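Per this note's numbering, residue 19 is the first one in the sequence shown, and the count goes up by one each step.
The beta-carbon is built from N, C-alpha and C at its ideal position, and this holds for glycine as well.
The structure presented is a predicted model; accordingly, all values stated were derived computationally and were not measured.
Read the structure below first, then the notes.
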Amino acid sequence: MITEDLFLTKGIHPMLIGEERDPFDSDDYIYELKLDGIRCIAYLDKNGTDLHNKRNKQLLPCVPELAEIHKHVSCRCILDGELFVLKNGVTDFYEIQRRVMLTSPFKIRLAAQQYPACFVAYDIIQKEFRNVTKLPLMERKEMLKSVVAENNYFGLSRYVERNGVKFFELAQERGLEGIVAKKKDSLYWFGKRTKEWIKSKVYTSGDYVICGYIQKYNDMTSLVLGQYDGNILKYRGHVTLGVSLRKLNEHPYLIVDDSPFGYVPEGNGAATWLEPRLVCIVESMPTDNGNFRQPVLKAIRDDKSPIECQITSEADA
Numbered sequence: 019m020i021t022e023d024l025f026l027t028k029g030i031h032p033m034l035i036g037e038e039r040d041p042f043d044s045d046d047y048i049y050e051l052k053l054d055g056i057r058c059i060a061y062l063d064k065n066g067t068d069l070h071n072k073r074n075k076q077l078l079p080c081v082p083e084l085a086e087i088h089k090h091v092s093c094r095c096i097l098d099g100e101l102f103v104l105k106n107g108v109t110d111f112y113e114i115q116r117r118v119m120l121t122s123p124f125k126i127r128l129a130a131q132q133y134p135a136c137f138v139a140y141d142i143i144q145k146e147f148r149n150v151t152k153l154p155l156m157e158r159k160e161m162l163k164s165v166v167a168e169n170n171y172f173g174l175s176r177y178v179e180r181n182g183v184k185f186f187e188l189a190q191e192r193g194l195e196g197i198v199a200k201k202k203d204s205l206y207w208f209g210k211r212t213k214e215w216i217k218s219k220v221y222t223s224g225d226y227v228i229c230g231y232i233q234k235y236n237d238m239t240s241l242v243l244g245q246y247d248g249n250i251l252k253y254r255g256h257v258t259l260g261v262s263l264r265k266l267n268e269h270p271y272l273i274v275d276d277s278p279f280g281y282v283p284e285g286n287g288a289a290t291w292l293e294p295r296l297v298c299i300v301e302s303m304p305t306d307n308g309n310f311r312q313p314v315l316k317a318i319r320d321d322k323s324p325i326e327c328q329i330t331s332e333a334d335a
């Protein structure tokens, strides 16, 4: 059967996780590690490799060490997976996010030597000219396994069956982000959140708009954070940036005169206000009231718009 050739547009929006909950055991699900990287769609054929993030930005110029992974598939295909780097044996979101922001060819080559990027595939979207998204997940997994020949930079996501709780505990012990449960008969829906894919995270993670910064007496700097409630930007708290503005200065920002909240929240009189255009990921221990507990700035990200940072939403998969 001939179906739409998704290679022609290369505009796929990947399927998203629709629920976060405590880990569970079930014979109806498989369980995979939640990798701490960037969601990536790989278009692979005899002519080369093309990598796109979920906002359709081309990524291959930033990770040239992956330019030949098309040579390790048996046919023309489109794969869904994760782009990441390992640092001290653990996936490091800051390093891969920093990498995809680089524009200097010299700095990109240097970074590729120090922390080579890897691509792990966990789903197949198209094989040859056939759209396979309406096949059950386990059939797609078998197809994926038959297509990919793994090497040091290109692999397949491993999974376990039934024992989700134990798998989560192992991820927690090793300092990993968490796991994803996927229903064995789930289909692949472009750009949609589905409760057939469920994440269980070791820490609560959220996306926040950077609205300003405060430089304190001890040279420590904290970011002023907000989230949208519909179209209204609301103050959410602070997270420590560090002893300098280095991480912030890696991204374009604009200083403004007035608070983007329409008022100055208590304790923020010394803030330098910014136009609310940058988004960051903050991890914290879960609380019942939604406040930060031991918040940690994980990364500043460029693949999500500020208006997507809603108070009621979960962090993206």
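For residue j and residue i, the rounded distance between their alpha carbons
i	j	result
residue 216	residue 97	20 Å
residue 28	residue 143	12 Å
residue 287	residue 197	41 Å
residue 30	residue 290	39 Å
residue 201	residue 296	34 Å
residue 219	residue 313	15 Å
residue 70	residue 156	25 Å
residue 58	residue 115	13 Å
residue 95	residue 63	7 Å
residue 150	residue 245	37 Å
residue 24	residue 179	31 Å
residue 351	residue 187	Residue 351 lies beyond the residue range present for the chain, which begins at 19 and ends at 335; the question has no answer from this structure.
residue 177	residue 141	12 Å
residue 92	residue 189	32 Å
residue 68	residue 207	21 Å
residue 334	residue 234	Low confidence applies here, because residue 334 scores a pLDDT of 46, under 50, leaving its location unreliable and the question unanswered by this model.
Buried versus exposed call for residue i [16 or more other C-beta atoms within 10 Å across all chains shown]
i	result
residue 1	The shown model of the chain, from 19 to 335, leaves out residue 1, and the question about it has no answer.
residue 19	Caution is warranted here: a pLDDT of 43 is assigned to residue 19, below 50, making its placement in the model unreliable, and the coordinate value is therefore given only provisionally. Classification of residue 19: exposed, given that the 10 Å Cβ count is below 16.
residue 254	buried
residue 26	exposed
residue 203	exposed
residue 250	exposed
residue 319	buried
residue 125	exposed
Limits of the alpha helix (DSSP H) - the one that residue i falls within
i	result
residue 230	Premise fails: residue 230 lies in the beta strand (DSSP E), 222-233, not in any alpha helix (DSSP H).
residue 281	Per DSSP, residue 281 belongs to no alpha helix (DSSP H) and is neither H nor E.
residue 114	111-119
residue 182	182-191
residue 132	123-132
residue 264	264-267
Selection from the options that minimises the alpha carbon distance to residue i
i	options	result
residue 66	129, 88, 72	88
residue 274	235, 229, 74, 195	229
residue 205	180, 170, 189, 159	159
residue 75	102, 192, 119	119
Beta strand (DSSP E) segment containing residue i, residue limits
i	result
residue 102	95-105
residue 240	239-247
residue 57	56-63
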